[in-house]
Amino acid sequence: MASLLDDIANLITVAITPALLLLGVMIQMRVLNNRLDRINDRSESLQERLSSGSGLRPSLVHELSVLRRRENAIHRAFGLSTACMILICSVVVALFVDDSMHLKLDSLIAFAFVATMLLLVGSFSLLLHEIFIASHSLPATTLHRRQPEGQN
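So for the sequence shown, our numbering puts the first residue at 41; every next one is plus one.
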């Protein structure tokens with residue numbers, strides 16, 4: 041009986057790593073959701089200004105197109121994060137099935153974990169891409185303007 045409890049304890053210890061990874065992906069999805077909320081709020085504001093005729097129409101249309109690009113990047117990042125979470129859960133299930141039925145799913149578990157990491161890398165890359173789009177679309181400020189020669 042002690043051997044069975046030791047096996048289950050070891051299995052639960054091994055399953056903790058994917059569970060912590062799930063927590064990290066959930067935090068990333070919260071960040072993505074917050075960014076998406078801000079994009080939606082800004083889009084609504086711009087739509088109102090566009091429909092009321094206040095502001096320069098070309099600049100509003102341009103900003104809306106930038107917001108759409110950012111929104112698309114976040115939606116794709118959400119998709120990859122969701123697929124990542126599904127694979128993490130599959131890894132945990134496979135660990136328990138492998139242990140209880142002695143199926144030797146080591147290669148499948150390793151492949152699923154590597155696929156999980158690739159999905160996570162893709163999701164973080166899309167988040168970084170969205171941040172680049174956002175930062176490059178900011179209006180020029182004195183910090184971004186080049187100083188004329190001879191001025192410090």
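The beta carbon of each residue, even a glycine, is placed where N, CA and C say it ideally should be. In this text the structure is predicted, and so the values were computed from the model without any measurement.
Neighbourhood of residue i by C-beta, 8 Å cutoff - its chain only, sequence neighbours within 5 removed
| i | result |
| --- | --- |
| Lys144 | Asp138 |
| Arg97 | Leu90 |
Chain C within 9 Å of residue i, Cβ atoms only
| i | result |
| --- | --- |
| Phe136 | The structure shown contains no chain C; it holds only a single protein chain. |
Pick from the options that is closest to residue i, judged by C-alpha positions
| i | options | result |
| --- | --- | --- |
| Arg108 | Ser94, Ser91 and Gln87 | Gln87 |
| Cys124 | Ser85, Ala155 and His102 | Ala155 |
| Leu104 | Leu168, Arg89 and Phe118 | Arg89 |
| Val132 | Ile149, Gly119 and Leu120 | Ile149 |
Where residue i falls: helix, strand or coil (DSSP)
| i | result |
| --- | --- |
| Ser130 | helix |
| Leu145 | coil |
| Leu158 | helix |
| Thr182 | Residue placement at Thr182 is poorly supported in this model, since its pLDDT is 39, which falls under 50; the coordinates still yield a value, given next. Correct three-state label for Thr182: coil. |
| Gly119 | helix |
Per-residue burial, residue i [other beta carbons within 10 Å of its own, 16 or more giving buried]
| i | result |
| --- | --- |
| Thr53 | exposed |
| Val101 | exposed |
| Ser94 | exposed |
| Ala117 | buried |
| Val65 | buried |
| Ile48 | exposed |
| Ile56 | exposed |
Residues near residue i by beta carbon distance below 6 Å, same chain, minus five either side
| i | result |
| --- | --- |
| Ile128 | Pro58, Leu61, Leu62 and Thr156 |
| Val51 | A small correction: the amino acid at residue 51 is Leu; Val does not occupy that position in the sequence shown. Around Leu51: Asp139. |
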